[in-house]
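A short write-up of the structure that comes next.
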Amino acid sequence: MNSSKVYWCDFRAHNGLDLTQKLKKLIIKAGIDDIDFKNRFAAIKIHFGEPGNLAYLRPNYAKAVAELIKERGGMPFLTDCNTLYAGRRKHALEHIEAAYENGFSPFSTGCQVIIADGLKGTDDVEVPVKNGCYIKNAKIGRAVMDADIIVSLNHFKGHESTGFGGAIKNLGMGCGSRAGKMEQHCEGQPEVNEDRCIGCHICKNSCGQDAISYTERGKAVIDDKKCVGCGKCIGFCPINAISNKNYCADQLLNFKMAEYAQAVCQDRPQIHINMVMDVSPYCDCHSENDAPIIPDVGMFVSKDPVALDRACADMCNKMPHFDNSLLGEKLRYQKDRGCRDIFSAVSPNTDWTDCLNHAEKIGLGTQEYELIMLK
0 MNSSKVYWCD FRAHNGLDLT QKLKKLIIKA GIDDIDFKNR FAAIKIHFGE PGNLAYLRPN
60 YAKAVAELIK ERGGMPFLTD CNTLYAGRRK HALEHIEAAY ENGFSPFSTG CQVIIADGLK
120 GTDDVEVPVK NGCYIKNAKI GRAVMDADII VSLNHFKGHE STGFGGAIKN LGMGCGSRAG
180 KMEQHCEGQP EVNEDRCIGC HICKNSCGQD AISYTERGKA VIDDKKCVGC GKCIGFCPIN
240 AISNKNYCAD QLLNFKMAEY AQAVCQDRPQ IHINMVMDVS PYCDCHSEND APIIPDVGMF
300 VSKDPVALDR ACADMCNKMP HFDNSLLGEK LRYQKDRGCR DIFSAVSPNT DWTDCLNHAE
360 KIGLGTQEYE LIMLK
């Protein structure tokens, strides 16, 4: 497979060119005009952010993308699917309220907000996965599949189960209905190392399924019958006392996520945008965000989500880290091992290359890329 083009620019703004205008120039340079938008529905897949989290993308960027599409005769809408865990985005009514609260409304972005898998997360379409090894039919939110064109607008950041979240995670996990998310997560059942557990109750407070209780010794224990395998407790544990008892659960999650992204993207015009800014250690699904682990890198656009995520990961690993961040803490603890990869340093049980390797294997894209800078 030939290399894919990935276009990028930094966050410098000067000579009267603001960042949203700069993003528009970058998207045009990346080839948005190769897509026929006229009278066609365009799904802009975005993460609206869990209320309380402030690392999610500003709605200004979504407005810029919607304006580009409307200028080309398209009909854009912002979309996401309901969450598996209990939070402020578990059903469509709260999800839309959360989106509005975080600034994503028709008035601020110029396009409608549609929750792709309906009121209760059950409105999905089974999509056969080309070259799928683990998923025969992906369960994708109906509105995503009803769209003619897919555009992903992604906040690139760390993730406790997949290493990082970029285009593939936003497309694969994000476009899965609640049943689809469960299918991707089902290999993971976390367990507590009681010798390490300090009984702080942070994991219990993070669990939306009420699956965590405590022994007489004050040690956390997880009820497998209630647990849905979302992995939030793993991320919240301050001393890494919780892990997946299935040692390859995160690897299988990465494989399945790539196949779900394949189901969303296959046979459709597409373009993908990664905003590598406020690179928090964990997902925007948390109702809080920790300090960024590295400085802001830039804006990246490509028609190939695999090349895009690979380029962003490579660029992140060239950046200095912030000492006053979770990454700084981890590196002080692991200083004898060095930091070959910042995402593995933050979440040592994960390997993000599993996702990209599998995505490349099934034909979603290539990890070979040509990086083209827009000044």
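Everything in the sequence shown is counted per numbering that gives the first Met the number 0, starting at 0 for the first residue and increasing by one. Virtual Cβ for every residue (Gly too), placed ideally from N, Cα, C.
* To do: Look up Lys-138 in the DSSP assignment and say whether it is helix, strand or coil.
  => strand
* Less than 8 Å between the CB atoms is what I'm expecting for Thr-19 and Ala-91, so what's the real figure, rounded? => At roughly 28 Å, the Cβ-Cβ gap does not stay under 8 Å, so Thr-19 and Ala-91 are not in contact.
* Selected residue, minimal CA-CA separation from Gly-375, among Ser-343, Arg-87, Ile-68 -> For residue 375 there is no data in the structure shown, the boundaries of the chain being 0 and 374.
* Tell whether a beta-carbon distance below 7 Å holds between Val-5 and Ser-286. => no
* Give a yes or no on whether the C-beta atoms belonging to Gly-140 and Ser-104 are separated by under 7 Å. => no
* Could you pull out every unbroken beta strand (DSSP E) segment of at least 3 residues lying fully inside the segment 154-240, listed in chain order? => 156-158, 162-164, 189-191, 211-213, 219-221
* Asked: What are the residues that DSSP puts in a beta bridge with Glu-369?
  -> Lys-4
* Proximal residues to Gln-269 (C-beta, below 6 Å), its chain only, five neighbours per side dropped -> Ile-149
* Asked: Closest to Cys-232 by CA distance: which of Asn-130, Cys-282, Asp-340, Asp-277 is it?
  -> Cys-282
* By how many angstroms is the C-alpha of Leu-307 removed from the C-alpha of Cys-80? -> 22 Å
* Inter-residue CB distance, Ala-260 and Val-191 (contact presumed, cutoff 8 Å) -> Their Cβ separation, rounded to whole angstroms, is 31 Å, which puts Ala-260 and Val-191 out of contact at 8 Å.
* To do: Inspect the beta-carbon positions of Ala-115 and Val-143 and report whether they are closer than 7 Å.
  => yes
* Grab the span of the alpha helix (DSSP H) containing Glu-258 for me, first residue to last. => 248-264
* To do: Please work out which residues of its chain come closer than 7 Å, Cβ to Cβ, to Phe-235, disregarding the five sequence neighbours upstream and downstream, and give them in chain order.
  => Ile-201, Cys-202, Ser-205
* **Selection from Arg-339, Leu-83, Gly-297 that minimises the alpha carbon distance to Ala-12** => Gly-297
* Output the distance between the C-alpha atoms of Phe-163 and Phe-342, rounded to the nearest integer angstrom. => 7 Å
* **Buried or exposed (CB count within 10 angstroms, at least 16 for buried), Arg-309** => buried
* **CB of Lys-44 within 7 Å of CB of Thr-82, strictly** => no
* Anticipated Cβ contact below 8 Å, Cys-229 with His-184, distance rounded -> 6 Å
* In terms of residue numbering, what span does the beta strand (DSSP E) encompassing Val-300 cover? -> 297-301
* **Residue span of the alpha helix (DSSP H) that contains Ile-68, given as start and end** => 58-70
* Asked: Is the segment 154-171 close to the segment 271-279, with three or more CB pairs under 8 Å?
  -> yes
* **Alpha carbon of Gly-15 to alpha carbon of Asp-9, nearest angstrom** => 16 Å
* Asked: Could you give the residue range of the beta strand (DSSP E) that holds Asn-273?
  -> 269-275
* DSSP bridge partner residues for Met-74 (one or two, in chain order) -> Phe-40
* Which stretch, first to last residue, makes up the alpha helix (DSSP H) that contains Val-305? -> 304-315
* Hey, how far is the Cα of Ser-324 from the Cα of Asn-101? -> 24 Å
* Asked: In terms of residues, what are the limits of the alpha helix (DSSP H) holding Asp-123?
  -> Careful: Asp-123 lies outside any alpha helix (DSSP H), inside the beta strand (DSSP E) at 123-127.
* Length of the line joining the Cα atoms of Val-278 and Ala-344 -> 14 Å
* To do: Check Ile-26 in the structure and name its three-state DSSP category.
  => helix
* Asked: From Ile-238 to Pro-347, what distance separates their C-alpha atoms?
  -> 12 Å
* Tell me, please, which residues DSSP counts as bridged to Gln-333. => Gln-333 is not bridged to any residue.
* Compute the Euclidean distance between the alpha carbons of Asp-223 and Ile-361, then round it to the nearest angstrom. => 32 Å
* Sequence-distant residues of the same chain with beta carbon closer than 6 Å to Asn-253, five excluded per side -> Thr-161, Asp-353, Cys-354
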